[in-house]
Each structure stands twice: as C-alpha cells, then as structure tokens.
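**Q** Let me begin by handing over the structure; questions about it come next.
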Amino acid sequence: MTSDPTSLAADVAELPKAEFAFPGPLRDRLVAAVLDGSKTATTGLVAEYEREGEPLPAVGGRSVLVDSEGRPVAVLEVTGVRVVPLARVDTAHAVDEGGYAGVAEWRAGHERFWGSAEMRAALGDADFAVDDTTPVVLERFRVVADLRGAGWASAPLA
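Residues 317 to 474 (this note's numbering) make up the sequence shown, in order.
Listed below in structure tokens is the structure:
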C-alpha cells in the first residue's frame, strides 16, 4: 500500500470491504474499537463464508473497513486465522475482540448476534443456531492505514 494519496485511493477501491455486524449502533461501536486499537480480532461463522461463496481470510490479506454509512475508515491486514469449534474460542481471542472480559461474556454476545432475526435472514435459515461444535473463523488483524482524514473517503464505497 502506498502513502501517495492518489495511489492510496486507487488501492482502497480495489480492496474487498470489511463489514463488522450490520449497519447501526453495533457496527459503530465495533468500528470505533478498531480505530482506537482495542479491537484487533473478529469472529465469523464458517457458514457465512460458505453461504456467500467467499474464501476464508488469509494472512496478509487486506480489506477496507467501512462504517455504518458505507464510508471507508481504515485498511486492515489479516495477521492470523484459525478455524475452531465454538467451544474452543480462547480468552485471548475474546479479549482481543474488544470490550469483553472473558470467553463467557464474548460467547453470550456472539450467540445473541448470531441468533438474531437479521443474522438468520442473512444466512437464509430461520432456525439457525450455534452450539459448541459450530465452526468459527478467528481472525486477527492490524490497521495499516487510517482513512478518516482522507478527503476522498467521505463517500460510501459501491
């Protein structure tokens, strides 16, 4: 990624979008946590990747984090990926997701989100539920560029 503003804009336009949760208050909190450095990890369902036909994240992969308005706010780089059953999520990962004191609190929050009507609709499964064996993708990342001050970043990405 270049530091030249014109080239940076072109680079960002080529990157896939990183969208945490759905647009709204939860996404706003998660984006703020990424930007303040308290969130350096995230968790996704393998079922989400399968439904979307998307490959799992890979170390070194980059994406552009968007806010609730679809505006690019940061470029993220994947620093680690593990696929584990839900029961194997460890304390370090839970804490690095930002705002969680431990695994029990992390799991309760994620089960609420994954069991929500909005998530079930996104998965196309009104009865979707997680259990200890549900495969999840544990992703670690770092912010490689803060885009908030870039004038071109004021418009939503397509």
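Even for Gly, the Cβ is constructed at its ideal location relative to N, Cα and C.
Keep in mind it's a predicted model, so treat the numbers as computed, not measured.
Name the DSSP bridge partner or partners of Asp-462?
**A** Per DSSP, Ala-390.
**Q** Distance, Cα to Cα, Leu-402 vs Leu-454?
**A** The alpha-carbon atoms of Leu-402 and Leu-454 are separated by roughly 10 Å.
**Q** Comparing alpha-carbon positions, which option in Thr-449, Trp-430, Pro-451, Val-452 lies nearest Asp-443?
**A** Comparing Cα-Cα distances from Asp-443 to each of Thr-449, Trp-430, Pro-451, Val-452, the minimum goes to Trp-430.
**Q** Under DSSP, the beta strand (DSSP E) around Leu-361 begins and ends at which residues?
**A** Leu-361 -> beta strand (DSSP E) spans 357-361.
**Q** Less than 7 Å between the beta carbons of Leu-463 and Val-389, yes or no?
**A** Taking 7 Å as the Cβ cut-off, Leu-463 and Val-389 qualify as a contacting pair.
**Q** Could you tell me which residues DSSP puts in a beta bridge with Arg-456?
**A** Its beta-bridge partners are Ala-357, Gly-396.
**Q** Given that a residue counts as buried once 16 or more other Cβ atoms are within 10 Å of its Cβ, and exposed if not, what is Gly-340?
**A** Exposed, since its Cβ has fewer than 16 Cβ neighbours within 10 Å.
**Q** Within 10 Å of its beta-carbon, does Glu-413 have 16 or more other beta-carbons around it, so buried, or fewer, so exposed?
**A** Per the 10 Å Cβ criterion, buried.
**Q** Val-328: buried (16+ other C-beta within 10 angstroms of its C-beta) or exposed?
**A** With 16 or more Cβ atoms within 10 Å of its Cβ, Val-328 is classed as buried.
**Q** For Pro-373 and Val-397, what's the separation of their Cα atoms in angstroms?
**A** Pro-373 and Val-397: Cα-Cα distance of roughly 7 Å.
**Q** Given a cut-off of 7 Å, decide if Arg-343 and Ala-384 are closer than it, judged by their beta-carbon atoms.
**A** For the record, residue 384 in the displayed sequence is Ser; it is not Ala. Going by C-beta atoms, Ser-384 is nearer than 7 Å to Arg-343.
**Q** Which value, in whole angstroms, describes the spacing of the CA atoms of Trp-422 and Ala-410?
**A** The alpha-carbon atoms of Trp-422 and Ala-410 are separated by roughly 6 Å.
**Q** According to DSSP, is Leu-342 helix, strand or coil?
**A** It is helical.
**Q** Alpha carbon to alpha carbon, how far is Ala-334 from Thr-449?
**A** Between Ala-334 and Thr-449, the C-alpha separation is close to 26 Å.
**Q** Assuming Leu-361 contacts Val-452 under a Cβ cut-off of 8 Å, what Cβ separation, rounded to an integer in Å, is found between them?
**A** With 8 Å as the limit, Leu-361 and Val-452 qualify as a contact, their Cβ atoms being about 6 Å apart.
**Q** Pull the bridge partners of Pro-451 from the DSSP assignment, please.
**A** DSSP lists Pro-401 as partners of Pro-451.
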